[in-house]
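Have a look at the structure below, then the notes.
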Amino acid sequence: MVANKIALVTGGGNGIGRALCRLLARNGARVVAADRVSTSAQETVNSLSNPRSHLALELDVSDKSSVETGIKCIIETFKAPPSLVANVAGITRDFPILQMDERAFTDVIDVNLKGTFLVTQAAVKALVEHGGKDGAIVNVSSISSKGNYGQANYSASKAGVEAFTRTAAIELAKLGVRVNCVMPGFTRTAMVETVPEKVKQQILMITPLKRFGQPEEVAEVIAFLLSDKSSFMTGASVKVTGGM
């Protein structure tokens, strides 16, 4: 249900973003793997069947100029803007509140929350300008949006993504654009692999399914929300957490 559609995936150079790019490509989408690290984005595209049908894009979601330039590049390449957008890009800078400096706080907010806003705004503007409709956006929040020790910045950013999703769903419905949110639990990505082993074991103890998720499992839910199979869903937040 995504065949021949242009799909922009931020954070497409690794983890959930890379898994999503592969899944969308297998289902016939023309994929734009966008990442701040251009080599990572290119590695993702090279792993897809028929790489020339897709695009690797260097993109800093926290920078408005970079986002607008990226959208223009997509239009130049495919002669149309993306109608599917997955805001997967995200970073962490973990410190307890009393040890966290302002830079660590704002960097995370800028990428995770501001970046979601900038990409959504630029993509929808381009879609409207080109007469497009029936767009779908999926923003990636986190179970940590409910609060997590040492993650005041990350938790706040992801709670903001969830609230932004609900507002965007209300505002953009009249344009034919659906906006939903996925809240992954602890998933085996490079970000989670930096967590100390003791903490990982504690997480497993409170996870009913007693394992971490795989990027592909989260990607399946995102792809569903991007597809026409979820055509009556907007403003929803879907947990993919193993029961947490």
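Position 70, counted from 1, in the sequence shown is what UniProt numbering calls 70; the numbers after and before it change by one each time, with no gaps. Glycine included, each C-beta is placed from N, C-alpha and C at the ideal position. Bear in mind that the values here come from a model prediction, so they are computed numbers and not experimental data.
| task | Please work out which residues of its chain come closer than 7 Å, Cβ to Cβ, to Gly243, disregarding the five sequence neighbours upstream and downstream, and give them in chain order. | result | Around Gly243, the same chain offers Thr207, Pro208, Leu209 as residues with beta carbons nearer than 7 Å, after the five sequence neighbours per side are excluded.
| field | First and last residue of the uninterrupted alpha helix (DSSP H) at Gly115 | value | Unbroken alpha helix (DSSP H) run through Gly115: 115-129.
| To the nearest whole angstrom, what separates the beta carbons of Ala29 and Lys5, a pair I think is in contact under 8 Å? | Confirmed, Cβ separation roughly 5 Å.
| said: By the three-class DSSP mapping on this structure, what secondary structure does Ala236 have? | reply: Looking at Ala236 - three-state DSSP - the assignment turns out to be coil, as it is neither helix nor strand.
| message | Short of 7 Å in beta carbon distance, which residues of its chain neighbour Ile222, apart from the five on each side in sequence? Order them along the chain. | response | Contacts found: Leu20, Ala86, Val138, Val182.
| For the beta strand (DSSP E) that contains Pro184, what are its first and last residues? | Run containing Pro184: 177-184, per the beta strand (DSSP E) assignment.
| Between which two residues does the beta strand (DSSP E) containing Asn87 stretch? | Where Asn87 is concerned, the enclosing beta strand (DSSP E) stretches over 84-87.
| query | Would you say Val179 reaches chain B, if we count a Cβ-Cβ gap shorter than 9 Å as a contact? | reply | Absent from the structure is chain B; it holds one protein chain and no more.
| query | Where does the unbroken beta strand (DSSP E) through Thr10 begin, and where does it stop? | reply | Unbroken beta strand (DSSP E) run through Thr10: 6-10.
| By Cβ distance, which residues of its chain are closer than 8 Å to Gly147, with the 5 residues on each side in sequence left out? | Spatial neighbours of Gly147 in its own chain (CB-CB distance under 8 Å, excluding positions within 5 residues in sequence) are listed in chain order as Ser155.
| request: Within the same chain, show all residues whose beta-carbon is closer than 7 Å to that of Phe95, passing over the 5 residues directly before and after it, in chain order. | output: Annotation for Phe95: Ala104, Gly150 place their beta carbon closer than 7 Å to its own, counting only its chain and skipping 5 residues before and after.
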